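So the sequences go chain by chain: S and B.
All the letters of the first sequence, read from the start, carry residue numbers 113 to 224 under the numbering used here.
All the letters of the second sequence, read from the start, carry residue numbers 550 to 662 under the numbering used here.
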Amino acid sequence: GENVEQHPSTLSVQEGDSAVIKCTYSDSASNYFPWYKQELGKGPQLIIDIRSNVGEKKDQRIAVTLNKTAKHFSLHITETQPEDSAVYFCAASRYNTDKLIFGTGTRLQVFP
Amino acid sequence: KAGVTQTPRYLIKTRGQQVTLSCSPISGHRSVSWYQQTPGQGLQFLFEYFSETQRNKGNFPGRFSGRQFSNSRSEMNVSTLELGDSALYLCASTDRGTTYGYTFGSGTRLTVV
């Protein structure tokens, strides 16, 4: 069935360092890949997304890359700040308003 | 504009009871989806409603149901509650034409005792 694997499950970095989270999906029909940030007591918040016709997308300190052949996509956060600390989820779907298949989440801790 | 509003924020129910959760989408959004979030299973899709019709359904038992009203507000119902139904239930809305995908609410934390 449809599955999204996400690694690592936890990630600790020093403030100012970069953080990378990787996901692999199984459904070859997937063509929309959003990333969500979830803070304690809140729902997931969309931080960036990418479609299969694009290999990379950047928004300030956040970038996402997609390798459709390998069915991999990754989130890159540069110059991390303590407020980046949260749980990050990758997801995949067949289009931007289809059901989302989520990864298992990565708890990112940024130490001052 | 206001985000996705879910009520109540917290609920405690007893096994065997039923529960109804409510979701008000962002104004203008006609599609509402529900997800269950648990530490063990993560975020799992329950169902989606668009224009008062269920468009898609996840792999949950029939005890889980939902509906959508003409103003796009949605409710989900869980009957004959089990301990394993304890979870954060998240609602997400989209206008189905945007490039921005789904916006999630803060969820309803359901505890079954």
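The beta-carbon is built from N, C-alpha and C at its ideal position, and this holds for glycine as well.
In this text, all values refer to a predicted model and were calculated from it rather than measured experimentally.
In terms of Cα proximity to residue 574 (chain B), the closest of B:657, B:660, B:640, B:662 is B:640. For residue 655 (chain B), the nearest beta carbon of chain S is closer than 7 Å to its own beta carbon.
In the DSSP assignment, residue 651 (chain B) falls outside any beta strand (DSSP E) and carries neither an H nor an E.
Per DSSP, residue 184 (chain S) is one residue of the beta strand (DSSP E) stretching across 184–189.
Put simply, of B:585, B:582, B:607, B:621 the residue whose alpha carbon is nearest the alpha carbon of residue 601 (chain B) is B:621.
Of all residues in the segment 151–170 of chain S, those with a C-beta nearer than 8 Å to a C-beta of chain B are 153, 154, 155, 156, 157, 158, 161, reading in chain order. Within 10 angstroms of the beta-carbon of residue 196 (chain S) lie 16 or more other beta-carbons, which makes it buried. Taking C-alpha positions only, residue 175 (chain S) is separated from residue 189 (chain S) by approximately 7 Å. DSSP places residue 624 (chain B) in the strand class (E or B) of the three-state scheme. For the segment 194–214 of chain S, the beta-carbon criterion of a distance under 9 Å to any beta-carbon of chain B is satisfied by 201, 203, 205, 208, 209, 210, 211, 212, 213, 214. A Cβ of chain B is located within less than 7 Å of the beta carbon of residue 146 (chain S). Membership of residue 119 (chain S) in the beta strand (DSSP E) is indicated by the continuous run 116–119. Here residue 215 (chain S) carries a coil assignment [DSSP, helix/strand/coil]. Relative to residue 181 (chain S), the option among S:192, S:114, S:166, S:155 whose CA is nearest is S:166.
The closest CA to that of residue 220 (chain S), considering only S:203, S:130, S:185, S:117, is found on S:130.
Rounded to whole angstroms, the gap between the alpha carbons of residue 598 (chain B) and residue 224 (chain S) is 44 Å.
Ranked by Cα distance from residue 187 (chain S), the first of S:126, S:215, S:134 is S:134. Membership of residue 639 (chain B) in the beta strand (DSSP E) is indicated by the continuous run 636–643. Considering only B:633, B:576, B:653, the residue with the shortest C-alpha distance to residue 619 (chain B) is B:576.
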